[in-house]
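Numbering (the working numbering), first residue to last: 88 to 444.
Cβ coordinates follow ideal geometry from the N, Cα and C atoms, glycine included.
I have placed the structure first, in the form of structure tokens, so that the comments after it can refer back to it.
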């Protein structure tokens, strides 16, 4: 299904729903998410309007445009275009007959660095290559990594591979360079004997290929080993936003296998209907917030959860690992524009629980 045909199908479905209850007007923009480099121009999104009775494409003279942040994104200046002004994310809104619809637009720099996991929580001896997206408008930039003065980790200047030493500590900084652009993150090396409740960090990268709607989250993790209904081993990793606020986010991965160091489990495509904890048909994952429709995890090539460390300590074990998976927003289930990428790292005590009958 093309983006335009999806937008019309979505609008038709919404129109059918509202006509059966109340005649509510709405505006839908296509695309839902977009991006434009700083200094570049792009056509305004198309507009579909439901007037309470039928769908229509309103004339340009009937649409009023607005940017949520005119310092980041200029709208309709020049006419019919959006223009990136500085790095950031802004909403483009279209109003038709006092009814408004919006899209999210990411504005990356001409050379732009996005660190998917800018805070690394590692156990001694663990390794991780910093997951980074580097965008460029013109020539491919020269990329390098450094960590001046770091004592608890080393970093390969070419690949960005971090190796934790045996000495716990942190935070210590690393930096990524791409031509004149740079960005920095931090590394913590945790002592497995004093991990406590554990540490986790994850990033939600929005559906634009240029990085719309990036959310960086410090989280509290838990790793639970349990027996499924058929009594075979399984485990669940859950990371919950550390702040108990309305913006709280939760990620969860459930794997129908025992926790094993060095084993990467592919995360399967799955629907919410199949997301069983006690009898999972395969490894599945979700990302959700209490203030929006839950996203359902979908595995794609290369998407997986990996256990990189399994350390015995007094009273049990401590587990370390990372995950990367895709998720689709429920109400835009069939649209590629709804695809999110969730990437994270965690260190936590391995606990056992009876969660299945």
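| Item | Value |
| --- | --- |
| Quick check on residue 428: buried or exposed, where buried means 16 or more other Cβ atoms within 10 Å of its Cβ? | buried |
| Pick from 344, 193, 325, 176: whose alpha carbon is nearest that of residue 289? | 325 |
| To which residues does DSSP link residue 309 through a beta bridge? | 325 |
| Once the 5 residues before and after residue 437 are set aside, which same chain residues still bring their CB inside 7 Å of it? | 310, 312, 346, 403, 404, 405, 406 |
| Per DSSP, what kind of secondary structure is residue 254 in: helix, strand or coil? | coil |
| If we require 3 or more residues per run, which beta strand (DSSP E) segments fall completely within the stretch 166-216? | 168-171, 175-183, 186-194, 198-202, 206-209, 214-216 |
| Among residues of its own chain, excluding the 5 on either side of residue 269, which ones have a beta-carbon nearer than 6 Å to its beta-carbon? | 262 |
| Please state if the CB of residue 357 and the CB of residue 340 are separated by a distance shorter than 8 Å. | no |
| Within a Cβ cutoff of 6 Å, which residues of the same chain sit near residue 327, ignoring the five residues on either side of it in sequence? | 306, 307, 337 |
| Can you give me the C-alpha to C-alpha distance between residue 533 and residue 232, rounded to a whole angstrom? | As displayed, the chain neither begins before 88 nor continues past 444, which places residue 533 out of reach and without an answer. |
| What whole-angstrom Cβ distance do residue 303 and residue 213 have, given they're in contact under 8 Å? | Between residue 213 and residue 303 the Cβ distance is about 21 Å, and since that is not below 8 Å, they are no contact. |
| Does the contact criterion of 3 or more C-beta pairs under 8 Å hold for the stretch 176-189 versus the stretch 143-156? | yes |
| For residue 259, write down the residues that DSSP places opposite it in a beta bridge. | 274 |
| Between the C-alpha atoms of residue 252 and residue 365, what's the straight-line distance to the nearest angstrom? | 38 Å |
| Please classify residue 184: is it buried, with 16 or more other beta-carbons within 10 angstroms of its beta-carbon, or exposed? | exposed |
| Straight-line CA distance for residue 273 to residue 229? | 22 Å |
| Suppose contacts are defined by Cβ-Cβ distances below 8 Å. Is residue 286 in contact with residue 186 by that definition? | no |
| In or out: residue 227 buried (at least 16 other Cβ within 10 Å) or exposed? | exposed |
| Considering only the beta carbon of each residue, do residue 215 and residue 442 sit closer than 8 Å? | no |
| Give the C-beta separation of residue 293 and residue 191 to the nearest angstrom, bearing in mind that I take them to be a contact with Cβ-Cβ under 8 Å. | 7 Å |
| Who are the near neighbours of residue 247 in its chain, counting only those whose CB is closer than 6 Å to its CB and skipping five residues on each side? | 216, 217, 232 |
| Taking all protein chains shown into account, do 16 or more other C-beta atoms lie within 10 angstroms of the C-beta of residue 318, making it buried, or fewer, making it exposed? | exposed |
| How far does the beta strand (DSSP E) with residue 124 in it extend, from its first residue to its last? | From DSSP, residue 124 is part of no beta strand (DSSP E); its letter is neither H nor E. |
| Could you check the C-alpha separation between residue 282 and residue 434 for me, to the nearest Å? | 8 Å |
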